[in-house]
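Chains as they are written, first to last, in the working numbering: chain Y, 1 to 220; chain F, 1 to 220; chain V, 1 to 220.
Shown next, in the form of structure tokens:
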């Protein structure tokens, strides 16, 4: 699986993006758990779940032993994110809303979407499957973390966040379908995801609710 | 897996029941998410999760890549259910409590229970395994949807709902154990599930709680 | 998988510990569901989930059909635990806080941690993977039960509970790494888990929160 990704993309930039994402995701998850006054074990679990649950779900869906159980490096990065969250809690009010965290999180979102799209394509699923696995890889960790915290997953209502992963997954699938080689498709997927996410944060994009659509419709 | 089901049952009626169920389950899930004012992405995810999470869990439990990731038709039906829920929200108060929805949901419950029982039997699990996989296939989607909405799964306390899937699964297992061929066993399973569910809705059946059992016992 | 465990450990003591654990876990889970006034189906599901979800997750992570779907004996033990919970509800106020339950639960925690560590080691995951799978095997059921009840999993903040499984998993991995045969490693893992858990209950151990660490730091 790692070799799927390694074979498909220029390794250096992807590895950097993936590493940034692991630290950022673990930091964001651990910060949420700290706010709920979980103990250090709970904070670590929620941080690791945010960083790894998406990728582990991807691997289970395609029938493989999760990559994270077979490697040491990724864990160290996520534990670094948890440690940063605990340290930051002492000096900062909301480390997970710091601009640097938002940018790092967007980079991670792009890396995880791309990894999901590559693995899914190699397994030979449908176009919907590629987009679904890419999105689950990208936002599954954050969704599980919110469930562990006893909340509705923020990706379902809060923000233009999972939609960026969907757009990235669609871009990968389109590029791969028209016969593109995996490298450019991966670059396109990552670019679409990270750009739409940064735009969404800057311009405060939101998707409409059915209630708003209903009001629009009735007003006409 | 599709071929498991196709080989076992008269295809036409099963396909119709399965299609009705996908639309109904997606509509019910999406309607719940609309009520929580999720955005359109969240509404779609909860609708698709309701329709597919049970079957995907079944496939993961028996070690296969989920069918839904490999097909296009099923997704279209579930997206139709989501679209119906959004449209119905504008003209109806509670599309998920409409009698037509309740009947379609019961048909879906039967189709999903039957598919779960067939797949589990082909994998060679125990009698408990057949009933468990059939029930998870039937109610896993609704349970996940409720978790995503931040509630206790309604199947655990609300209604005589999952119990119909349990009865259908037991019927399939009994019929298969006494040497019945898969076709009649599937027909029996679907009939038991849909009939008990429609009776439960009409007659307002409920299972007792331990509290009620305790009161009965003490009164004697 | 059963044969993994059977090959690795002295069977008789392990089987006894595992049986005690299944009854205790099912009793604890079912008691929580009774308190929420779930119906008897919901009580049974939460009890079975507490007993089996950890092991089933372990099996899915290592790519196998869950053991529980292929056996009959384990189910009978868990159903016994559910029945005990329903009966105990009538005569006892809090069967899940009875000292006998706490000891049986600690024994189960040790049995499940050991089974997870053995299965993970046989699959050939990293040291982190061994500890993660052992911990998930031990506390995954309780965590899922809490999610089904609409709460934050107690293992993340309440108690020195999952930490015992982590320590047991680390002990197994260390013993196996220095070339120990599986039998002694399993005995060590089970002893570490059960002893730390009983000590934690007696001495009311807790892990610190980040808030407490922060106060310590600022006070200096």
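C-beta atoms are modelled at their ideal positions from N, C-alpha and C, and glycine is treated no differently.
Query, Result
"From this set, 163/Y, 152/Y, 179/Y, which residue's C-alpha is nearest residue 33/F's C-alpha?", "152/Y"
"Under 8 Å Cβ to Cβ from residue 175/F, same chain only, skipping five residues before and after it: list those, please.", "184, 185, 188, 189"
"So, residue 67/V versus residue 22/V, is the Cβ gap smaller than 8 Å?", "no"
"Please report the straight-line C-alpha distance between residue 267/F and residue 149/F, rounded to a whole angstrom.", "Limits of chain F in this structure are 1 at one end and 220 at the other, which puts residue 267/F out of reach."
"So what's residue 262/F in DSSP terms, helix, strand or just coil?", "In the structure as shown, chain F starts at 1 and stops at 220, and residue 262/F therefore has no counterpart that could be examined."
"Does the stretch 78-89 of chain V come within contact of the stretch 44-55 of chain V, defined as at least 3 CB pairs closer than 8 Å?", "yes"
"Can you tell me where the alpha helix (DSSP H) holding residue 218/F begins and where it ends?", "210-219"
"Below 6 Å CB to CB, which residues in the same chain sit around residue 18/Y once its five sequence neighbours on both sides are set aside?", "111"
"Measure the alpha-carbon distance for residue 119/V versus residue 166/Y and round it to whole angstroms.", "36 Å"
"Write down every uninterrupted run of the alpha helix (DSSP H) in the stretch 127-187 of chain V whose length is 4 residues or greater and which is fully enclosed by it, in chain order.", "127-148, 162-177"
"Taking C-beta pairs closer than 8 Å, name the residues in chain V that residue 214/F reaches, listed in chain order.", "89, 90"
"In terms of residues, what are the limits of the alpha helix (DSSP H) holding residue 64/V?", "Run containing residue 64/V: none; DSSP gives neither H nor E here."
"Within 8 Å of any Cβ in chain Y, is that where the Cβ of residue 163/F sits?", "no"
"Can you give the beta carbon distance from residue 203/Y to residue 106/Y, rounded, assuming they're within the 8 Å contact cut?", "Actually they are not in contact, since the Cβ atoms of residue 203/Y and residue 106/Y sit about 14 Å apart, beyond 8 Å."
"Going by DSSP, what residues sit across from residue 39/V in a beta bridge?", "209/F"
"Assuming residue 54/Y and residue 138/Y are in contact, meaning their beta carbons sit under 8 Å apart, how far apart are those beta carbons, in whole angstroms?", "6 Å"
"According to DSSP, is residue 125/Y helix, strand or coil?", "coil"
"Can you tell which of 123/F, 162/F, 179/F has its C-alpha closest to the C-alpha of residue 58/F?", "123/F"
"Using a Cβ-Cβ cut-off of 8 Å, state whether residue 1/Y counts as contacting chain V.", "Reliability fails at residue 1/Y, whose pLDDT of 48 lies under 50, so the model's placement of it is uncertain and the value that follows must be treated cautiously. Cβ-Cβ to chain V under 8 Å: no for residue 1/Y."
"By DSSP, does residue 25/F sit in helix, in strand, or in coil?", "helix"
"Could you tell me the alpha carbon to alpha carbon distance between residue 206/Y and residue 196/Y, rounded to whole angstroms?", "12 Å"
"Can you find a CB in chain F that lies within less than 8 Å of the CB of residue 168/V?", "no"
"So, is the C-beta of residue 159/F closer than 8 Å to a C-beta in chain Y?", "no"
"Is the beta carbon of residue 24/F sitting closer than 8 Å to the one on residue 141/F?", "no"
"So with Cβ pairs under 8 Å, would you call residue 141/V a contact of chain F?", "no"
"Just to confirm my understanding: we take residue 1/F, look at its own chain, exclude 5 residues before and 5 after, and list those with CB closer than 7 Å. What are they?", "Note that residue 1/F has pLDDT 48, beneath the 50 cutoff, so the model's placement of it is unreliable and no number is given."
"Using CA coordinates, which residue listed in 145/Y, 168/Y, 109/Y is at the minimum distance from residue 128/Y?", "168/Y"
"DSSP on residue 232/Y, reduced to helix/strand/coil?", "With chain Y covering only 1 through 220, there is no way to say anything about residue 232/Y."
"Of the choices 98/V, 100/V, 86/V, whose alpha-carbon is the least far from that of residue 35/V?", "86/V"
"Look up residue 105/F in the DSSP assignment and say whether it is helix, strand or coil.", "helix"
"Between the C-alpha atoms of residue 16/V and residue 172/V, what's the straight-line distance to the nearest angstrom?", "20 Å"
"Which one of 209/V, 217/V, 218/V, 214/V has the shortest CA to CA distance from residue 38/Y?", "209/V"
"Compute the Euclidean distance between the alpha carbons of residue 121/F and residue 92/Y, then round it to the nearest angstrom.", "56 Å"
"Output, in sequence order along the chain, the residues in the stretch 190-212 of chain V whose CB is closer than 7 Å to any CB in chain Y.", "206, 207, 208, 209, 210, 211"
"Between the alpha carbons of residue 75/Y and residue 192/F, how many angstroms are there, rounded?", "49 Å"
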